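In case it helps, this note's numbering puts the sequence shown at residues 244 to 399.
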Amino acid sequence: MPFQIHSLKSNQFDHYFDMSEKELAKANAVLETVTENPGYPCRVSLADAEVGETILLVNYNHLPEASPYQASHAIYVRKNTPSVELGPDNIPSVISSRLISVRAFDSTHMMRTADVVDGENLKGCLDNMFSDTMISYIHLHNAKQGCFAAKVTRAE
244 MPFQIHSLKS
254 NQFDHYFDMS
264 EKELAKANAV
274 LETVTENPGY
284 PCRVSLADAE
294 VGETILLVNY
304 NHLPEASPYQ
314 ASHAIYVRKN
324 TPSVELGPDN
334 IPSVISSRLI
344 SVRAFDSTHM
354 MRTADVVDGE
364 NLKGCLDNMF
374 SDTMISYIHL
384 HNAKQGCFAA
394 KVTRAE
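(1) Going along the chain, which residues of its own chain have a beta-carbon closer than 7 Å to the beta-carbon of T324, five neighbours each way excluded?
(2) Count the other CB atoms, across all protein chains shown, that sit within 10 Å of the CB of H258; report buried if there are 16 or more and exposed otherwise.
(3) Of the choices M377, V277, F260, S336, whose alpha-carbon is the least far from that of A270?
(4) Does DSSP put F260 in a helix, in a strand, or in coil?
(5) In angstroms with no decimal places, state the Cα-to-Cα distance between T278 and L251.
(6) Do you know how far the Cα of G389 is from the Cα of T276?
(7) Buried or exposed: which applies to S231, given that a residue is buried once 16 or more other Cβ atoms fall within 10 Å of its Cβ?
(8) Can you check which of these residues, D358, A357, M354, G330, is closest to I248 by C-alpha distance?
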């Protein structure tokens, strides 16, 4: 079953890069300078930011739907970086190189199954989860820091 990993849209974060430190603090966000690579996985480019880049750390509501699983967590977003559009079954190295928590949801936003896999083994896990027709979408999280990594759907 082909799957599609989706990046976040850059335009929903662009305004943060024009905010003052005080405005960022009110928005529970900060701008940081990247000091190591890997370590700052951008959810817009689906790549690790490079040393010296400016990156936004902000809380993102990745499951806003009405559900007991409604959730948000901190994510990184690179400055002046367009959203990436991956092809079907493409797993970027920012995901395949990490330990990933995989959470599968049905159409009512209830979690139906979950697993933790080495990113190199993610394709098999996604294929297996999507073989269940009740699964509508999957959320990927970095297992160690727990940050939301990406949403996955069936490829059209």
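Note that beta-carbon positions come from the ideal geometry of N, C-alpha and C, so glycine has one too.
Bear in mind that the values here come from a model prediction, so they are computed numbers and not experimental data.
The short version:
(1) S253, C285, V287, S288
(2) exposed
(3) F260
(4) helix
(5) 23 Å
(6) 21 Å
(7) This structure does not reach residue 231, given that the chain is present from 244 up to 399, and the question cannot be answered.
(8) G330
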